[in-house]
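Take 7 as the starting number for the sequence shown in the numbering used here and just add one per residue.
Don't be surprised by glycine CBs; every beta carbon is placed ideally from N, CA and C.
To start, the structure under review is shown below, and the notes come after it.
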Amino acid sequence: MESYNVELIFDHVGHFGRFQMVLYLICAYQSISCGIHYLSSIFISVVPEHICRPPGKVWKAVFHNLSARRLEDILALRSPDQKDHITVELQDGEIWELTRCSRTWRENASHSAHEYSGHKQDNSCSDGYVYDQSKWGISVVRNLNLVCDQKWYANMIQPLFLFGILLGAIIFGYLSDRFGRRGVLWCTSLCLFLFGMASLLLLDFFSFMAVRFFLSMAASGYYVVVVVYVMEFIGKKARVWLSMHLHTFFAVGVILVILVNYLVKTWWLYQIVLWTVTVPFILCCWMLPETPFWLLSEGRYKEAQGLIDAMAQWNESSSCDLVELFSLDVNSLPDKNHQAPRKHGLAELFRNRDITRRTLIVWLVWTTAYLGYYIFSVETVWKTEYNYMYLFIVGIVDIPAYSFICVWLKRVGRRKTVFFFLSLASLTCAAYLVLPLKHNNLKIVAVLVVKVIVGLVVAFLYLYTAELYPTIVRCLALGSSNMVARIASLIIPNAGQLTKAWIFLPQILFGILAILSGLLSLMLPETQNKPMTSTWEPAAQQVPESKDLSSEAPPEDEISEMENRRGSMDVINLVEFNGGK
Numbered sequence: 007m008e009s010y011n012v013e014l015i016f017d018h019v020g021h022f023g024r025f026q027m028v029l030y031l032i033c034a035y036q037s038i039s040c041g042i043h044y045l046s047s048i049f050i051s052v053v054p055e056h057i058c059r060p061p062g063k064v065w066k067a068v069f070h071n072l073s074a075r076r077l078e079d080i081l082a083l084r085s086p087d088q089k090d091h092i093t094v095e096l097q098d099g100e101i102w103e104l105t106r107c108s109r110t111w112r113e114n115a116s117h118s119a120h121e122y123s124g125h126k127q128d129n130s131c132s133d134g135y136v137y138d139q140s141k142w143g144i145s146v147v148r149n150l151n152l153v154c155d156q157k158w159y160a161n162m163i164q165p166l167f168l169f170g171i172l173l174g175a176i177i178f179g180y181l182s183d184r185f186g187r188r189g190v191l192w193c194t195s196l197c198l199f200l201f202g203m204a205s206l207l208l209l210d211f212f213s214f215m216a217v218r219f220f221l222s223m224a225a226s227g228y229y230v231v232v233v234v235y236v237m238e239f240i241g242k243k244a245r246v247w248l249s250m251h252l253h254t255f256f257a258v259g260v261i262l263v264i265l266v267n268y269l270v271k272t273w274w275l276y277q278i279v280l281w282t283v284t285v286p287f288i289l290c291c292w293m294l295p296e297t298p299f300w301l302l303s304e305g306r307y308k309e310a311q312g313l314i315d316a317m318a319q320w321n322e323s324s325s326c327d328l329v330e331l332f333s334l335d336v337n338s339l340p341d342k343n344h345q346a347p348r349k350h351g352l353a354e355l356f357r358n359r360d361i362t363r364r365t366l367i368v369w370l371v372w373t374t375a376y377l378g379y380y381i382f383s384v385e386t387v388w389k390t391e392y393n394y395m396y397l398f399i400v401g402i403v404d405i406p407a408y409s410f411i412c413v414w415l416k417r418v419g420r421r422k423t424v425f426f427f428l429s430l431a432s433l434t435c436a437a438y439l440v441l442p443l444k445h446n447n448l449k450i451v452a453v454l455v456v457k458v459i460v461g462l463v464v465a466f467l468y469l470y471t472a473e474l475y476p477t478i479v480r481c482l483a484l485g486s487s488n489m490v491a492r493i494a495s496l497i498i499p500n501a502g503q504l505t506k507a508w509i510f511l512p513q514i515l516f517g518i519l520a521i522l523s524g525l526l527s528l529m530l531p532e533t534q535n536k537p538m539t540s541t542w543e544p545a546a547q548q549v550p551e552s553k554d555l556s557s558e559a560p561p562e563d564e565i566s567e568m569e570n571r572r573g574s575m576d577v578i579n580l581v582e583f584n585g586g587k
């Protein structure tokens, strides 16, 4: 299969003109929906503080030295670590002791103090539960009473959602490389719309789980493919900034979920507000064409030429003849008897020793980044006092951080960026571990710093992974990296078992892996200022170290400069050839 320097096309039609701008805004807008579905799954699966509901109306509730007329007021003041019962006096004079999963009737109705040593009778929570709605207003756990003997249902929500993300990344990544980016974007977006609408009809636990599972698959598949889609439509002069700022729109979705969850306390209204965000994209997604990278990798030159002509017309620039630009053989253009290029599967990521090493290192870096992200983002947030404020700050800080790393990448490069930020995250994690418990605010700041750092690494890895692999397996490489990394995400909801062995074991594990994967990332090829490849031939030549045979190899910057000059001469020769005609 021939390989083409597709970057030359953007020198003619424009690196980021009106055509690419319209496509980018459409794709970026839908990224908001991905951020919404990712974070909303955490909010709706929260187990709020609860207590067994008494068999009548409460006259007075007592908890140690606290007393109130409403059980909800006591729950709002009680710490989750406090497991003592709440004593309530009903309007009919009965006295009950209430715990999270049981209630006890006191025979002596004249003794309403918190402590009681007389005769008691235990009862089940047949009247349901009372929930604290002061912190988390929207929760499927509260709606379906998934607590106590039903708690294992609630524990399945987040792992199943993450499993859907895992499957969506690898399945849609493979389908995108095999059948094209456009069809996958259409399919996943339609699923986001339809299953988002189905989430408005919460009938029972199993229908809820089915809807959330397919929503997670669609959101994951869309996000993996849209990053590659944008990178394959934008020239290298604007590619880093625009692909990185796709994550800015994702952060906007996260912020939107936080605001809606804080302001809206009704389940159906909450779902409607979040679902309506996906509606405008459905009206525009039909406009998305296939990418020139994928069309050329599949040998569909006529379709690619039509797309290039349309881009040039929209951008008011000069088009180019692909036959002349890439010296194509006209007789080899597809026809009825044309044999399609060989399809590539997951085995292609291990086609030789160098590619295998590259893939394993990339997977390790992804796993480490997501491990840190979930330890310091999903798990730690529940231990802070102001949950909404913490999440809001995290979402806001991410936006300028993406601009910062774009400037950083231009000066430092890819490999050194991975090494530096993972090492910095490991050192900050170490600072978090040695800080005394009395410095709670400093520990929260350390958690925020680590979360922002690993969030930047995750966002940057989308860009770097797509640059490391050719068009024929680019989405598959990105999807498989997501899949492997999500295995760590499935482990983290059960990290409580690790803390039983040692409370800081998850953080120590992340710190060690961050140093290890950061050092190994230095063995990856540097892709800064290098064109994205369409086949394995030029991609296999991206090695981290030049092998010297007879003389010292030229520096990497000189090689990049020679390649740029060679590309420029091709363009000059083409212009002169067209002028001579």
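Ile-521 - DSSP class collapsed to helix/strand/coil
The residue labelled residue 521 in the question sits at position 515 within the sequence shown. Here Ile-521 sits in helix by DSSP.
Host alpha helix (DSSP H) of Ile-80 (start-end):
Position 74 of the sequence shown, counted from the first residue, corresponds to residue 80. 77-83 is the extent of the alpha helix (DSSP H) around Ile-80.
Taking its Cβ as the centre, do 16 or more other Cβ atoms sit within 10 Å of His-18, making it buried, or is it exposed?
By 1-based counting over the sequence shown, the position of residue 18 is 12. With 16 or more other Cβ atoms within 10 Å, it is buried.
Identify the continuous alpha helix (DSSP H) that holds Gln-319 and give its terminal residues.
To locate residue 319, count along the sequence shown from 1; it is residue 313. Element bounds for Gln-319: 307-321.
Based on Cα-Cα distance, which residue from Tyr-475, Ile-278, Tyr-228 and Leu-31 lies nearest to Met-293?
Residue mapping note: residue 293 aligns to position 287 of the sequence shown, counting from 1. Per the Cα distances, Leu-31.
Count the other CB atoms within 10 Å of the CB of Pro-60; is the residue buried (16 or more) or exposed (fewer)?
As a first step, residue 60 must be located in the sequence shown, where it is residue number 54. Under a 10 Å Cβ-count criterion, Pro-60 is classified as buried, with 16 or more other Cβ atoms of the shown protein chains found around its own Cβ.
Completely contained alpha helix (DSSP H) runs for the stretch 22-69, where each covers 4 or more residues
The qualifying runs are 24-50.
In the structure shown, what three-state DSSP assignment does Ile-101 receive?
Working through the sequence shown from its first residue, we reach residue 101 at position 95. DSSP places Ile-101 in the strand class (E or B) of the three-state scheme.
Going by DSSP in three states, Asn-129 sits in which element: helix, strand or coil?
The residue you call residue 129 lines up with position 123 of the sequence shown. Three-state result, Asn-129: strand.
Count the C-beta pairs between the stretch 104-112 and the stretch 30-46 that are closer than 8 Å, then say yes if the count reaches three, no if not.
Taking 8 Å as the limit for Cβ pairs, the verdict is that the stretch 30-46 does not touch the stretch 104-112.
Cβ contact (3+ pairs, closer than 8 Å) linking the stretch 192-208 and the stretch 263-270
Contact fails: fewer than three Cβ-Cβ distances are below 8 Å.
DSSP state of Arg-2, grouped into three classes?
Outside the displayed range of the chain (7 to 587) lies residue 2, so it cannot be described from this structure.
For Tyr-74, collect the residues of the same chain with a Cβ closer than 6 Å to its Cβ; drop the 5 residues on either side in sequence, then sort them by chain order.
Translated into the one-based positions of the sequence shown, residue 74 becomes position 68. The sequence shown places Ala at residue 74, rather than the Tyr named in the question. When the five nearest sequence neighbours on each side are left out, the beta carbons in the same chain lying within less than 6 Å of the beta carbon of Ala-74 are those of Ala-67 and Ile-80, in order along the chain.
Taking DSSP as the reference, what is the three-state secondary structure of Ser-557?
Here residue 557 refers to the residue found at position 551 when the sequence shown is read from its first residue. The pLDDT assigned to Ser-557 is 37, lower than 50, so where the model puts this residue is not dependable, and the model offers no usable value.
Opposite Glu-95 in the DSSP bridges: which residues?
Translated into the one-based positions of the sequence shown, residue 95 becomes position 89. Partner(s): Lys-66 and Ile-101.
Reducing DSSP to helix, strand and coil, say where Tyr-137 ends up.
As a position in the sequence shown, residue 137 is number 131, starting the count at 1. It is a strand residue.
Can you tell me which of Asn-267, Phe-299 and Tyr-268 puts its alpha carbon nearest to the alpha carbon of Met-237?
In the sequence shown, counting from the first residue as 1, residue 237 sits at position 231. Each of Asn-267, Phe-299 and Tyr-268 was checked against the Cα of Met-237, and the nearest Cα belongs to Phe-299.
Buried or exposed: which applies to His-91, given that a residue is buried once 16 or more other Cβ atoms fall within 10 Å of its Cβ?
Position 85 of the sequence shown, counted from the first residue, corresponds to residue 91. Label assigned to His-91: buried.
Do you know how far the Cα of Tyr-228 is from the Cα of Glu-532?
The residue given as residue 532 occupies position 526 in the sequence shown. The residue given as residue 228 occupies position 222 in the sequence shown. Their backbone Cα atoms lie some 27 Å apart in a straight line.
Over the uninterrupted beta strand (DSSP E) stretch that includes Leu-72, give me the two end residues.
Along the sequence shown, read from residue 1 onward, the residue named residue 72 stands at position 66. Annotation: the continuous beta strand (DSSP E) that includes Leu-72 extends over 72-74.
Which residue's Cα is closest to the Cα of Cys-290: Ser-486, Arg-188 and Lys-536?
The residue you call residue 290 lines up with position 284 of the sequence shown. Checking every option, the nearest Cα to that of Cys-290 belongs to Arg-188.
For the putative contact between Ile-176 and Gly-485, defined by C-beta atoms under 8 Å, what is the C-beta separation to the nearest angstrom?
Stepping through the sequence shown from its first residue, residue 176 is reached at position 170. Stepping through the sequence shown from its first residue, residue 485 is reached at position 479. With 8 Å as the limit, Ile-176 and Gly-485 qualify as a contact, their Cβ atoms being about 5 Å apart.
Using alpha carbons as the reference points, say which of Thr-362, Leu-196, Val-371 and Gln-97 lies closest to Phe-287.
Translated into the one-based positions of the sequence shown, residue 287 becomes position 281. When each option's Cα is compared against that of Phe-287, the closest is Leu-196.
Look at the alpha carbon of Thr-592 and the alpha carbon of Arg-218, and state the distance between them as a whole number of angstroms.
Since the first residue shown for the chain is 7 and the last is 587, residue 592 is missing from the structure and cannot be characterised.
Give me whichever residues DSSP pairs with Thr-110 in a beta bridge.
Position 104 of the sequence shown, counted from the first residue, corresponds to residue 110. According to DSSP, which records beta bridges pairwise, Thr-110 is partnered with Glu-103 and Asp-128.
Let me confirm a value: Val-13 is counted as buried when at least 16 other C-beta atoms fall within 10 Å, else exposed. Which label applies?
On the sequence shown, residue 13 is found 7 positions in, with the first residue counted as 1. Reading off the sequence, residue 13 comes out as Glu, not Val. By the neighbour-count criterion, in which a residue is buried when 16 or more other Cβ atoms sit within 10 angstroms of its Cβ, Glu-13 is buried.
So what's Cys-326 in DSSP terms, helix, strand or just coil?
Position 320 of the sequence shown holds residue 326. Look at Cys-326 here: in three-state DSSP terms it is coil, with no helix or strand label.
Given Gly-41 as reference, the closest of Phe-212, Leu-397, Thr-471 and Thr-365 once Cα atoms are compared
Position 35 of the sequence shown holds residue 41. The closest CA to that of Gly-41, considering only Phe-212, Leu-397, Thr-471 and Thr-365, is found on Leu-397.
CA-CA distance, Leu-443 and Glu-55?
As a working note, residue 443 is residue 437 in the sequence shown. As a working note, residue 55 is residue 49 in the sequence shown. The alpha-carbon atoms of Leu-443 and Glu-55 are separated by roughly 24 Å.
Going by alpha carbons, who is nearest to Thr-284 out of Val-28, Val-479 and Tyr-35?
What you label residue 284 is simply residue 278 of the sequence shown in a count that begins at 1. Put simply, of Val-28, Val-479 and Tyr-35 the residue whose alpha carbon is nearest the alpha carbon of Thr-284 is Tyr-35.
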